[in-house]
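Working notes, beginning with the structure itself.
In the working numbering, the protein residues as written are 2 to 222.
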């Protein structure tokens with residue numbers, strides 16, 4: 002028992018001591034009227050690019066995926082207007098047809114927000130983009146950075162850790178949570194923050210999360 006408590010204490014010390022690795026990226030957005038400001042990171046898997054903006058105390062993560070079916074393969078992402086779509090069903094034939102037929106969109110975008118509302122990662126508030134005809138404007142700066150502006154509404158839901166996950170996970174689950182917090186604090190990347198499929202149950206309560214005056218600048222090199 003004492004060894005577990007020592008580990009937990011050390012991991013907590015790590016999460017409160019580390020600062021994110023410095024970079025010149027910027028990110029800010031109002032989430033239900035509260036400012037969320039941090040240094041984002043960018044990730045690429047295949048043809049998908051996304052921006053991940055994270056913080057701790059409480060844990061927060063806002064991710065924006067950008068995808069263009071017809072982009073110039075020599076570039077990271079094309080400048081233009083991206084249509085924000087349903088986060089659970091983004092890459093559909095209907096969305097692709099809408100982008101191609103209208104001709105005013107470069108591609109699609111997905112937005113997802115996750116916030117810890119009871120520590121340590123016992124409960125979450127999650128927001129997902131929908132098909133609301135919202136857009137994200139992307140520009141390419143002279144230095145090759147991606148700059149974007151966005152606002153919108155996310156379908157909000159609440160998640161609570163299952164009693165079985167808490168009981169059977171025990172102190173080992175708590176240690177894993179603290180390790181994930183430490184990783185986010187040290188690197189700026191989200192670490193296992195999504196509640197879905199991770200021992201949490203969706204609650205009956207739903208709401209709308211409002212994003213306002215969102216903007217970011219991320220170096221793509």
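Even glycine gets a Cβ: it sits at the ideal position worked out from N, Cα and C.
Check whether residue i and residue j have beta carbons under 9 Å apart
i           : j           : result
residue 148 : residue 84  : no
residue 215 : residue 30  : yes
residue 129 : residue 89  : yes
residue 65  : residue 137 : yes
residue 91  : residue 109 : yes
residue 93  : residue 152 : no
residue 189 : residue 42  : yes
residue 140 : residue 80  : yes
residue 158 : residue 116 : no
residue 67  : residue 52  : yes
residue 96  : residue 132 : yes
For residue i, the nearest candidate out of the options (CA to CA)
i           : options            : result
residue 145 : 218, 64, 189, 46   : 218
residue 143 : 67, 49, 220, 109   : 220
residue 54  : 80, 95, 112, 91    : 112
residue 32  : 114, 93, 24, 150   : 114
residue 120 : 179, 186, 40       : 179
residue 187 : 28, 56, 26         : 56
residue 166 : 192, 196, 181, 46  : 196
residue 198 : 191, 162, 181, 175 : 162
residue 170 : 192, 200, 191, 185 : 200
residue 24  : 35, 39, 132        : 39
residue 27  : 122, 35, 150, 123  : 150
residue 164 : 181, 203, 34       : 203
Integer Cβ distance of residue i from residue j, believed to fall under 8 Å
i           : j           : result
residue 194 : residue 60  : 6 Å
residue 49  : residue 82  : Wrong, their Cβ atoms sit about 18 Å apart, outside the cutoff.
residue 125 : residue 160 : 4 Å
residue 86  : residue 156 : 12 Å between Cβ atoms; not a contact.
Simplified DSSP state of residue i, which is helix, strand or coil
i           : result
residue 186 : helix
residue 92  : coil
residue 87  : coil
residue 113 : strand
residue 107 : coil
residue 206 : strand
residue 21  : Its pLDDT being 44, under 50, residue 21 is placed unreliably by the model, and nothing is read from it.
residue 1   : A question about residue 1 goes unanswered here, because the residues of the chain that appear run from 2 up to 222.
residue 214 : strand
residue 4   : Note that residue 4 scores 43 on pLDDT, short of 50, meaning its location in the model is unreliable; the coordinates nonetheless yield the value given after this. Correct three-state label for residue 4: helix.
The ligand GDP heavy atom lying under 8 Å from the CB of residue i
i           : result
residue 200 : Ligands displayed in this structure: none; no statement on the ligand GDP is therefore possible.
### Query
What are the uninterrupted segments assigned as beta strand (DSSP E) that are 3 or more residues long and contained completely in the region 31–85, given in chain order?
35–39, 42–46, 49–56, 61–68, 81–85
### Task
Output the residue ranges of the beta strand (DSSP E) runs that lie fully inside the region 119–203 and measure 3 residues or longer, sorted by chain position.
124–130, 136–141, 147–162
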